[in-house]
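Quick notes on the structure that follows.
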Amino acid sequence: MTNRTRILTGITTTGTPHLGNYAGAIRPAIVASRDTNADSFYFLADYHALIKCDDPLRIQRSRLEIAATWLAGGLDVDRVTFYRQSDIPEIPELTWLLTCVAAKGLLNRAHAYKASVDKNVEAGEDPDAGVTMGLYSYPVLMAADILMFNAHKVPVGRDQIQHVEMARDIGQRFNHLFGQGKEFFTLPEAQIEESVATLPGLDGRKMSKSYDNTIPLFSSAKDMKDAISRIVTDSRAPGEAKDPDNSHLFTLFQAFATPAQVDEFRSDLLQGLGWGEAKSRLFQLLDGQLGESRERYHQLIERPADLEDILQHGAKKARAVATPFLNELREAVGLRSFVNQAQAAATTKKKAAKAARFVSFREDDGSFRFRLLAADGEQLLLSRNFADGKAAGQVTKQLQSGQALDVRSEGLAFSVWLEGECVGDSPAFADTAARDAAVEALRIALTPVQE
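Here the sequence shown stands for residues 167 to 617, numbered as in my numbering.
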């Protein structure tokens, strides 16, 4: 895993990007991607789009527009990993692994689900009317997006902080259940740019496609100007002092202006600047900042094949991380290859067999004996006396071949028999558990390995 800070964010492909998307997610993410200490992953959240949109043409168009928006905004695909969620099959598979450990009680507390339930109850409907499993499980899919790439920081709006916290909870639960001391998942943190975390829309509510109160980002300058003209303001006439701190228009201006420009604008509003002129200044500010990017955006929209190539290249980079990591997770939960499992068992036995060793020696009375020692030097077996070395060697070979191994427990010790004759005894162990463990070690050591 990289030692650099890994940053990950995405945007749902259900509509045309607007100013709020740009200021709240895209712009800070692109700026962060230029940090030499950052390892940045940015994606089109098109699986998420299926939760709230059943218009295939709209989703397809949105994917194109959002990809072009990121690139027109200055994202350098050579520095970052830029991909579509749906091009990474490991993500839905990880979603299921996480679903199996995610607590239902946790998902019950998700803001989007609770809002749907509250709305139904107020309308006198069944609490879950119209609630799909996509909506209900949305936090698990988002957790998979984040945990798949072990992101440290996730730039999000304030309304998404809960989902990052849920990703932490779910990842921590998986680590606890399957990690066996290993932390598979990095626990992510939400990253908020305080001044522009959530921009107001034309009506003062959060700028959102669902409220139809957005300011277009890369449509024509005329469309942007028309949208700005519809920003709701109070009834104070030109010449009357305005309250910048309670003005949605001022909040929007502040998100794009320099500190000096903000101070000047605030002062002019307090001195009676008319709302019409204030809106004109906001348009000039935005058009000046976004005009060049708008031109690049329209060039990209006209070259969808180039966009596809860029996204496929990004998917290849993303899967180079996701595929081996998911294989680790599959192993951890028990979804293992039978062949690999058998090979691993054989390797274990082979190592055990090699580790155990026979040591032959001659007693003072001229008889021959041998010991079987475990890898750590513990004596597992001491043979009976044999008249000559050849007889002792023959018994050793028989034991190594696994021929009719007959182990008989006797109190805190055991004996080994071949063809009805006792050929060796163990020492006495501290308790039956230790004796049984030694018997198992003996059996493994004397089990022939199939090559």
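Where a beta carbon is used, it is the ideal one built from N, C-alpha and C, also for glycine.
For residue i, the first and last residue of its enclosing alpha helix (DSSP H)
i: A540; result: First-last for A540: undefined, no H or E at that position.
i: I394; result: 387 to 395
i: I160; result: Residue 160 lies beyond the residue range present for the chain, which begins at 167 and ends at 617; the question has no answer from this structure.
i: S446; result: 441 to 467
i: L223; result: 222 to 238
i: P425; result: 425 to 436
i: T380; result: T380 -> no alpha helix (DSSP H), and no H or E assigned at all.
i: N274; result: 270 to 274
i: Y188; result: Neither: Y188 is in no alpha helix (DSSP H) and is coded neither H nor E.
Nearest-angstrom beta carbon gap, residue j and residue i [assumed within contact, 8 Å]
i: K375; j: T180; result: 7 Å
i: L383; j: A233; result: Not a contact, Cβ separation roughly 14 Å.
i: L539; j: L571; result: At roughly 18 Å, the Cβ-Cβ gap does not stay under 8 Å, so L539 and L571 are not in contact.
i: S252; j: D221; result: No, S252 and D221 are not in contact; Cβ-Cβ is about 16 Å, not under 8 Å.
i: S459; j: A238; result: 5 Å
i: L272; j: H214; result: The pair is not a contact, with the Cβ atoms about 19 Å apart (cut-off 8 Å).
Other residues of its chain near residue i: CB distance less than 6 Å, five sequence neighbours each side excluded
i: E544; result: none
i: L435; result: K408, P410
i: F431; result: F419
i: R537; result: V525, Q545, L548
i: G186; result: L365, M373
i: C588; result: S581
i: I173; result: A198, A204, S206, K319
i: Y463; result: A234, A238, F384
Environment of residue i [buried if 16+ CB atoms lie within 10 Å]
i: K280; result: exposed
i: I284; result: Here residue 284 is Asp; the residue named in the question, Ile, does not match the sequence. So D284 ends up on the exposed side.
i: D205; result: buried
i: P255; result: exposed
i: V287; result: exposed
i: T424; result: exposed
i: P490; result: exposed
i: Y208; result: buried
i: S386; result: exposed
i: H277; result: exposed
i: Y377; result: exposed
i: N169; result: exposed
i: S303; result: buried
i: A625; result: Because the chain spans 167 through 617 in this model, residue 625 falls outside it and cannot be assessed.
i: T178; result: buried
i: L223; result: exposed
Own chain partners of residue i with C-beta closer than 7 Å, once the 5 adjacent residues on each side are dropped
i: F580; result: V573, R574, S592, R601, V605
i: A518; result: Only weak support is given to the placement of A518: the predicted model assigns it a pLDDT of 48, under 50, and the question is left unresolved by the model.
i: A444; result: L415, L435
i: C219; result: T180, I225
i: A498; result: F344, F350
i: M167; result: Bear in mind that a pLDDT of 44 at M167, under 50, signals an unreliable position, so the number given afterwards is only what the model happens to contain. Excluding sequence neighbours, M167 sits near N316.
i: I327; result: A356
i: R396; result: L368
i: F293; result: Per the sequence shown, residue 293 should be read as Pro rather than Phe. Excluding residues within five positions, the ones whose Cβ falls inside 7 Å are V283, N286, V287.
i: A553; result: S533
Test: residue i CB closer than 7 Å to a CB of chain B
i: E468; result: The chain labelled as chain B is not found in the depicted structure, where only one protein chain is given.
Limits of the beta strand (DSSP E) - the one that residue i falls within
i: A579; result: 579 to 584
i: Q357; result: 355 to 357
i: T247; result: 247 to 250
i: K319; result: 319 to 321
i: R574; result: 572 to 576
i: V589; result: 587 to 591
i: Y208; result: 204 to 211
i: S303; result: Run containing S303: none; DSSP gives neither H nor E here.
i: V525; result: 523 to 528
Contacts around residue i, its chain only, beta-carbon distance under 8 Å, and the 5 residues preceding and following it disregarded
i: H479; result: V243
i: Q437; result: A407
i: L451; result: F419, F422, A423, Q427
Proximity test, residue i beta-carbon vs the ligand FMN heavy atom, cut-off 6 Å
i: T298; result: You won't find the ligand FMN in this model; it holds no ligand whatsoever.
Taking contact to mean 3 or more Cβ pairs, one atom from each stretch, closer than 8 Å, check whether the stretch 331 to 343 and the stretch 265 to 278 are in contact.
yes
Could you tell me whether the stretch 545 to 560 touches the stretch 520 to 531, where touching means 3 or more Cβ pairs closer than 8 Å?
yes
Three or more C-beta pairs below 8 Å linking the stretch 284 to 302 and the stretch 317 to 336:
no
Would you say the stretch 346 to 356 touches the stretch 377 to 391, given that touching needs at least three Cβ pairs under 8 Å?
no
Three or more C-beta pairs below 8 Å linking the stretch 249 to 265 and the stretch 199 to 206
no
Three or more C-beta pairs under 8 Å: does that hold for the stretch 331 to 338 against the stretch 300 to 312?
yes
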